Amino acid sequence: MKSLKDIFLLSSPLIAPFFYKSDISVQKDYLGQAYNGIQRFKHIIIEEDYDYNTAIYTISIFIPHFTYEKFIEEINIRTKGTAYIKTIEHGFLYDLDFSEHVDVIKKAKGLLTSEKIVENPEKQRTLKK
């Protein structure tokens with residue numbers, strides 16, 4: 001008889017974190033800094049828009065709940081507080097792979113991860129042809 005864990009793993013469970021939809025309005029002077037801040041986190045870019053009347057870029061993205069607070073802080077630091085961020089709760093999405101995030105949590109709790117650690121790394125070499 002199979003254990004409950006084996007049956008659970010056979011069902012191929014997916015991680016579906018809660019996402020926020022954030023609209024980030026940035027002046028053109030800080031657009032590169034805003035993108036650098038966005039790239040540090042898992043995200044899905046929905047739309048990019050430029051308003052010619054006000055010269056402000058608007059970037060619409062989906063950001064997971066577990067990185068949201070760090071994301072807001074990072075954007076505010078990189079744009080020196082000039083970014084306006086409007087956030088709406090969106091819901092659960094299955095799009096991105098969050099196995100790295102799960103491994104970080106497992107390491108913090110002292111659980112086994114699928115990471116491979118080389119015993120003697122100084123013995124490894126790249127062979128030239």
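At position 121 of the sequence shown (counting the first as 1) the number is 121 in our numbering, and the numbers step up by one without a gap.
The beta-carbon is built from N, C-alpha and C at its ideal position, and this holds for glycine as well.
Because the structure is a prediction, the values reported are computed rather than measured.
Legend entry - Where Glu74 falls: helix, strand or coil (DSSP): helix
Legend entry - Three CB pairs or more closer than 8 Å across the segment 4-15 and the segment 69-80: no
Inset, instruction - Could you tell me whether the Cβ atoms of Thr82 and Phe41 are closer together than 9 Å? - result: no
Legend entry - Rounded separation between Lys28 and Ile56 - CA only: 6 Å
Legend entry - Other residues of its chain near Lys107: CB distance less than 7 Å, five sequence neighbours each side excluded: These residues qualify, in order along the chain: Thr113.
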